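All residue numbers for the sequence shown refer to the working numbering, where the first residue is 956 and numbers rise by one.
Written below as structure tokens is the structure these notes are about.
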Amino acid sequence: MVSSRDRFRFSSIEIGRFELVMCIGKLILRLTSLLIGVTLLILAHIDSMCATLSWVDGFCTISWALLTIVRLFL
956 MVSSRDRFRF SSIEIGRFEL VMCIGKLILR LTSLLIGVTL LILAHIDSMC
1006 ATLSWVDGFC TISWALLTIV RLFL
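In structure tokens:
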């Protein structure tokens, strides 16, 4: 049985501690994914302007790999 101290109440919505932690975790992962996506868009724009920047290609490859890993958890 879940005790009342393991439950949180937001107006008329009651949520458990586990659900709250999962919700915050998913929010953090989605924000991280969004940040990586925006970073990739900016780097793709920089790469299209300056095709000679080899570090951009390497960073984009690493970023795509990280984005794939992050999306696995969503």
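We put the beta carbon where it would ideally sit given N, CA and C, even for glycine.
Please read all numbers here as calculations on a predicted model, not as lab measurements.
Distance, I1017 Cα to E974 Cα: Residue mapping note: residue 974 aligns to position 19 of the sequence shown, counting from 1. Residue mapping note: residue 1017 aligns to position 62 of the sequence shown, counting from 1. The straight-line gap from Cα to Cα measures roughly 32 Å.
task: Tell me whether G971 sits in a helix, a strand or coil according to DSSP, three-state version.
output: In the sequence shown, the residue the question calls residue 971 occupies position 16. Here G971 sits in strand by DSSP.
- request: Given a cut-off of 8 Å, decide if V1025 and T994 are closer than it, judged by their beta-carbon atoms.
  value: Locating residue 994 in the sequence shown gives position 39, where the first residue counts as 1. Locating residue 1025 in the sequence shown gives position 70, where the first residue counts as 1. It is not a contact, given that the beta carbons lie outside the stated cut-off.
query: Among residues of its own chain, excluding the 5 on either side of L1021, which ones have a beta-carbon nearer than 7 Å to its beta-carbon?
result: Counting from one through the sequence shown, the residue named residue 1021 turns up at place 66. I991.
query: Can you list, in chain order, the residues of its chain whose CB lies under 8 Å from that of W1019, leaving out five sequence neighbours each side?
result: Here residue 1019 refers to the residue found at position 64 of the sequence shown. Cβ within range, chain order: L995.
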